[in-house]
Structure formats: C-alpha cells, structure tokens
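Please read the structure below before turning to the comments.
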Amino acid sequence: MSAENFDIAIQGGGPVGLACAAWCLQKFPEAKIALLDRNPADDAELAASDSRGVALSHGSKLLLDTINAWPTECADIHRVHVSQAGRFGRALMTREELGQKALGHIIRYRDIHLTLRKALRAIQKNSPYFIWKHIDASTDVENIQAKCVVHAEGGLFKTQDWVESGRDYEQSALVGLVEVENGAPPFQAWERFTSEGPLAVLPSHYGPNILNLIWCGTPSSSQARLALSDADFLKSLQTEFGSRIGQFLKIQDRRLYELGLNYRKEIAQGNEVWIGNAAQTLHPVAGQGLNLGLRDAFLLAEKLSSLFSKSEDRKTPLVIESTLQEYAQSRKLDRSATIGLTDFMARIFTSNLLPIVIARGLALSALQWLPPIKTALARQMMFGRR
Ligand SMILES: Cc1cc2nc3c(=O)[nH]c(=O)nc-3n(C[C@H](O)[C@H](O)[C@H](O)COP(=O)(O)OP(=O)(O)OC[C@H]3O[C@@H](n4cnc5c(N)ncnc54)[C@H](O)[C@@H]3O)c2cc1C
Numbered sequence: 009m010s011a012e013n014f015d016i017a018i019q020g021g022g023p024v025g026l027a028c029a030a031w032c033l034q035k036f037p038e039a040k041i042a043l044l045d046r047n048p049a050d051d052a053e054l055a056a057s058d059s060r061g062v063a064l065s066h067g068s069k070l071l072l073d074t075i076n077a078w079p080t081e082c083a084d085i086h087r088v089h090v091s092q093a094g095r096f097g098r099a100l101m102t103r104e105e106l107g108q109k110a111l112g113h114i115i116r117y118r119d120i121h122l123t124l125r126k127a128l129r130a131i132q133k134n135s136p137y138f139i140w141k142h143i144d145a146s147t148d149v150e151n152i153q154a155k156c157v158v159h160a161e162g163g164l165f166k167t168q169d170w171v172e173s174g175r176d177y178e179q180s181a182l183v184g185l186v187e188v189e190n191g192a193p194p195f196q197a198w199e200r201f202t203s204e205g206p207l208a209v210l211p212s213h214y215g216p217n218i219l220n221l222i223w224c225g226t227p228s229s230s231q232a233r234l235a236l237s238d239a240d241f242l243k244s245l246q247t248e249f250g251s252r253i254g255q256f257l258k259i260q261d262r263r264l265y266e267l268g269l270n271y272r273k274e275i276a277q278g279n280e281v282w283i284g285n286a287a288q289t290l291h292p293v294a295g296q297g298l299n300l301g302l303r304d305a306f307l308l309a310e311k312l313s314s315l316f317s318k319s320e321d322r323k324t325p326l327v328i329e330s331t332l333q334e335y336a337q338s339r340k341l342d343r344s345a346t347i348g349l350t351d352f353m354a355r356i357f358t359s360n361l362l363p364i365v366i367a368r369g370l371a372l373s374a375l376q377w378l379p380p381i382k383t384a385l386a387r388q389m390m391f392g393r394r
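Quick note: the sequence shown uses the working numbering, first residue 9, plus one each step.
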C-alpha cells in the first residue's frame, strides 16, 4: 500500500494517540490508519520512564475497559479529604455519597502508556491495513499523506511548539513517592491547599506505606525543594502537610513539571484535528488532562470509524471537513466545562488575597454541607459533560 492511501494519520503515540487508534480499529478493523510514534518499538525504555501517579476517573476506566487497556497495578480512591493549610474549611467526598465503587484510580503514567500499547498490539492482529511506524524527530513525514490527520503530539506546558490561549500560573509541580511510617488509611486521597498551591497525597498500588506526592509551588521554591537533601525535604513536607498521616520517612523519584494552561480555540481545521494535550494542556489540580483526552479520543474514533467505513465516494474532503467540524462542536461543552473548572480551581486555590481565602473556606464548607453541589462537581470530574 502506498503512503497516499492512508485514511487517517495519527501523529503521536502517547496514551491519547494509542487509545484513538485502538478505538478506531476496534470499531472498523479495515481502516487504513498510520500511527506515527516517536517512542521506540521496544517497551524497555518506556518501562523505566515516567512513574508519576495519574488520577483516572471511573469514566476513563469504563472507556479503557472496552479495549482491555486497564492496567493491573492501580490504587482505588474511596475518599478524598480536601483542606486548606492554616485556614478554616474542609470537605470530605466519599464513594458512598456518589454511589460509585471508586471516586477514581491512581496509576503510573508509564503503566497507562504500556497497557495501551499492549491493547493496540492485540487489536493490530485483526487490522490488515494498520501501520504502526516508529519515527524520530528527523524522520521525513512529508511523504506520509492521509485524508485526515489527527494530532496527538501531547506535550507539557512550555515544551509545546504552539501557544494559543491560556495562562501561565507561574507554578511547578514536584512529584515523587513518599513513604509514611505507620501506613495511611487505605484508599484515601488528600488534597491540601497551601499558600503556594495544592499539595496532594494520593494512594499507590505499592500499598498504604508508599504514597504519590504532587506538591505545587512557585517555580523557584519548587526548584529549591528539588535540590534539598532527602531529610530536609521530608521536614519541609511534614511542616506543610501536618501530621494527619504520621511521619514521612523517605522520598524517591522527585521530578519537576512546569504548570500552565494552553488550549486551542479551534480543534478542527480542514482535514486536521487536535486531541488530548495537543488540543489542551491543563493544570493537574483537578486531575483532568488525560481523562479529557481519552474522551476526545473515544468520541473522535466514533466519528472517524463511521465515516471511513463508508464507500470511497462518500469520503470526499468536504465530508471529512464537515465530520471534523461536527466532532469539534460535540466536544465544546465538555472541553469548556473541564478547562473552566480546572482554571478556576488553579487560580482560586493559589490566591492569598484575604477575601478569596475566606470565600475558599466558605466554598469548602458549602461543599461539605450541600451534597447536591458536591455530587454535581464530582460527576463532572468523573464523567465529563455530555
Ligand atoms: C504533574 C502532572 C500530573 C498530572 N496528573 C494528571 C491526573 O492526575 N489526571 C489526568 O487525567 N491527567 C493528569 N495530567 C495530565 C496528563 O499527563 C496528560 O493530559 C496526558 O499525558 C496527555 O496525553 P497525550 O497522549 O495527549 O500526550 P503525551 O502524554 O504528552 O503523549 C504524546 C506523545 O506524542 C509523542 N510526540 C510528540 N511530538 C510528536 C510528533 N511530532 N510526532 C509523533 N509523536 C510525537 C511524544 O513522544 C509522546 O509520547 C498530569 C500532568 C502533569 C504534568
């Protein structure tokens, strides 16, 4: 098959690009798809890479289950405790209130990535026209032509080669694995809002003694924390988090990420469409980036598989363009609600202005005492807006 014959080229073999390819092929195995993946074909390098814990919602689990891409090593969250350091206001969300088996699940980024690769390899066996091409930055992709191009190049804030709308929160996230002395209550997550930003302590699949840490702060203080000795780092973490889960004993695998919001106003143009972080890069305060990206991938795959399973004469450039515009229209509500909620939380929980601090305390108390608001917020975070 010559390169010109591709129906769809997916650029980017991160979680969102892989999921999009898998859903397209599952729905229409004859689809002529080229996946352009900058990661090596061998999993070894990825298996030793990004170990950051990512929170996936129950909605994402249901989606990934459809392609057998749910990682085996994961920690469920049954309760989330939200508080402000040194201020009034706290809220507790539980799975019972929402009638769900879990509020969310914590999985290492690399496990999501690797499980999706495995799932796509299984689907590939029944997909005669699918090509998974491993490329590098110097590969000439010009000769790979397709009727429709899906951009799933992802990326982190400040590393992307496009900047459109958004905000620099002037924050960084320091992530790592922290060991606690007596073990934390199982299945519980803590989100504590400090004067510099959110500090989250999340369960991990290693058990109650090892927890995932995401500590947001100004770039300079995060950089300084990265450079601290383990003992000084743990002392400073203990001061900020308090003693509610006992003493922090060890810290491993500290990494730093710059945080901001970068999003495209238009996610479809001509025969091109953008999904996942290539469409929007969010602050991790609400744990929504990948969840939103998976919903992008799933809904785009529905549109594309239905379009490309039609006869040749019904796949004209005009029809492709209008299908992508329809897709973009269908994503408007979910995107704007998720981007808006995350941006609001990132800003409100980092402000030290007294009226905002008071309003924040009241908002947390309101969440505690007004279950319908809490339920609506949790549902948006678990399933997105449809
Ligand atoms: C500290 C932190 C914590 C987070 N926590 C959460 C969380 O709890 N919950 C949540 O839902 N989200 C979270 N996120 C966001 C989440 O990591 C991203 O939304 C998700 O990784 C996006 O997936 P993606 O496939 O779109 O992009 P990526 O994960 O960036 O993958 C893109 C892939 O494309 C490749 N690529 C790049 N350029 C090209 C090119 N030109 N051609 C081909 N391939 C290319 C890259 O090598 C990469 O493998 C967090 C982010 C950070 C920084």
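Glycine residues also receive a C-beta, built at the ideal position from the N, C-alpha and C atoms. Bear in mind that the values here come from a model prediction, so they are computed numbers and not experimental data.
Taking 8 Å as the cut-off, the C-beta of Ala110 does not count as close to any heavy atom of ligand 1. For the alpha helix (DSSP H) assignment, the region 258-285 encloses no uninterrupted run of at least 4 residues.
In terms of side-chain proximity, the C-beta atom of Arg118 is found no nearer than 8 Å to any non-hydrogen atom of ligand 1.
DSSP lists Gln92 and Pro206 as the bridge partner or partners of Phe201. Looking at the DSSP output, Gly174 bridges to Asn270.
Judged by DSSP in its simplified three-state form, Phe249 adopts helix.
Fewer than three beta-carbon pairs drawn from the region 235-249 and the region 330-341 are found closer than 8 Å, and the two stretches are therefore not classed as touching. Thr289 has its Cβ nearer than 8 Å to a heavy atom of ligand 1.
For Leu221 and Val24, the gap between their C-alpha atoms comes out near 24 Å.
Its chain contains Gln179, Ala181, Gly205 and Pro206 as the residues whose beta carbon lies nearer than 6 Å to that of Cys224, once the 5 sequence neighbours on both sides are disregarded; these appear in chain order.
Secondary structure in the region 102-161: the beta strand (DSSP E) runs of 3 residues or longer, each lying completely within the stretch, are 112-116, 139-142 and 154-159 in chain order. Distances taken from the Cβ of Val327 to the heavy atoms of ligand 1 include none shorter than 8 Å.
For Thr289, the beta-bridge partners assigned by DSSP are Asn270. Collapsing the DSSP output to three states places Ile18 in a strand. Annotation for Leu64: the continuous beta strand (DSSP E) segment containing it runs Gly61 to Leu64. Shortest Cα-Cα distance from Glu53 to any of His121, Gly67, Val171 and Gln277 involves His121.
Taking C-alpha positions only, Arg98 is separated from Val88 by approximately 11 Å. Using a cutoff of 8 Å, the CB of Ala160 counts as near ligand 1, since one of the ligand's heavy atoms is closer than that. At a threshold of 8 Å, Gln246 does not count as near ligand 1, since its beta carbon sits no closer than that to any of the ligand's heavy atoms. Inclusion of Ala287 and His159 in the CB contact set at 9 Å is warranted, their separation being smaller than that value. The region 149-159 and the region 282-296 touch, with three or more beta-carbon pairs separated by less than 8 Å. Relative to ligand 1, Ala232 has its C-beta separated by 8 Å or more from all heavy atoms. Remark: the C-beta of Pro136 is outside contact range of ligand 1, defined as less than 8 Å to any heavy atom. For Cys32, the enclosing alpha helix (DSSP H) has its first and last residue at Pro23 to Lys35. Residue environment for Gln277: exposed (fewer than 16 other C-beta atoms within 10 angstroms of its C-beta). Judged by DSSP secondary structure, Ile356 falls within the alpha helix (DSSP H) whose first and last residues are Pro325 to Ile356.
When beta bridges are read from the DSSP output, Gln179 appears opposite Leu267. For Asp84, there is no enclosing alpha helix (DSSP H); the enclosing beta strand (DSSP E) has its first and last residue at Ala83 to Ile85.
About 18 Å separates the beta carbons of Lys133 and Asp45, which is beyond the 8 Å limit, so they are not a contact pair.
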